[in-house]
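In full-length UniProt numbering, the protein residues as written are 1 to 335. The beta-carbon is built from N, C-alpha and C at its ideal position, and this holds for glycine as well. All values derive from a computational prediction rather than experimental measurement. Down below is the structure, laid out as structure tokens.
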């Protein structure tokens, strides 16, 4: 651009034609002093763009077009700097992009753990960079009615997370199963497996933490309605160890299996602990019966195979071979 300005004003030809003492008087008649070629024009453009100050090349009052170009270049330079800074900041500081790598299981489960009914779900992080000071909060939102008859359509109740250090902080180095013990403090204390189907409630899970690389707080959320809570299920194990190295199979992240669990509420289970013992005994008996059935089916299949092999062997026809002896007698042998 500056080369075009100098070319249009005739500065390039003036420097080529003048020499020696004549150039001293030429400096005041050009748009930009000492702009003799494209290279010098490029260097002057860099001085204008980065505002490092003018040296041997500077503008004069001779050319209003050069003043206009200078103002436009400064404005364009400010816009480019703002756009580039915004792009870099948005690339490194978008917290929702980091939250997309925090995953939750599709279903939550209710099963027995350490002799107590527990509400559980699984959470994991797909990135190698860790979430610092990660914490989990769980809330139950449901419709309630006060003793005075007031209907609260969205009643929020916090429920604690089972943690030995009595806090909601977690170390998310691998997929974890977050557990809430259904006790007297829990809003799920009076809900049985039958009642859960008809309950109009939603369990909201909020995971918060600080991104290790940027130091920005991020948050991921999910929720489970009554249809998404599986009673009497347990999450399968996805972390394996081979030769001192742990590996995680994320293809089974949300897989569950059926386990023995009482269908009553946690209140009934606390009042009648024998229900849990009876449930476990029935589960053990059913497991033994299933093993017996499998073993009997295997024996029957093996016996059928052996009988079929015997029948096939007995159906084989042994051919008879006749040959003549030197005396002219016929001998018959079976081969």
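- Excluding five sequence positions before and after residue 186, the CB atoms of its chain that fall closer than 6 Å to its own CB belong to 159, given in chain order.
- Scanning the region 168-210 for uninterrupted alpha helix (DSSP H) segments of 4 residues or longer gives 193-198, listed from N- to C-terminal end.
- Look at residue 87 here: in three-state DSSP terms it is helix.
- Only residues of its own chain outside the window of five on either side were considered, and among them 231, 263 have a CB closer than 6 Å to the CB of residue 193, listed in chain order.
- CA-to-CA, the gap between residue 277 and residue 115 works out to about 10 Å.
- For the pair residue 127 and residue 101, the CB atoms are nearer than the 7 Å cut-off.
- If you draw a straight line from the Cα of residue 229 to the Cα of residue 120, it comes to about 9 Å.
- Cα atoms of residue 269 and residue 183: separation of roughly 10 Å, rounded to the nearest angstrom.
- Counting along the chain, residue 241 sits inside the beta strand (DSSP E) bounded by residues 239-242.
- The beta carbons of residue 144 and residue 152 sit closer together than 7 Å.
- C-alpha of residue 105 to C-alpha of residue 252: approximately 10 Å in a straight line.
- Apart from the 5 residues on each side of it in sequence, residue 73 sits with its Cβ closer than 6 Å to the Cβ of 48 in its chain, given in chain order.
- Within the DSSP bridge table, the entry for residue 118 names 111, 181 as partners.
- For the pair residue 245 and residue 201, the CB atoms are not nearer than the 7 Å cut-off.
- Counting along the chain, the unbroken alpha helix (DSSP H) around residue 269 starts and ends at 266-271.
- Per DSSP, reduced to three states, the secondary structure at residue 102 is strand.
- In the assembly as shown, residue 125 is a buried residue. Its beta-carbon has 16 or more other beta-carbons within 10 Å.
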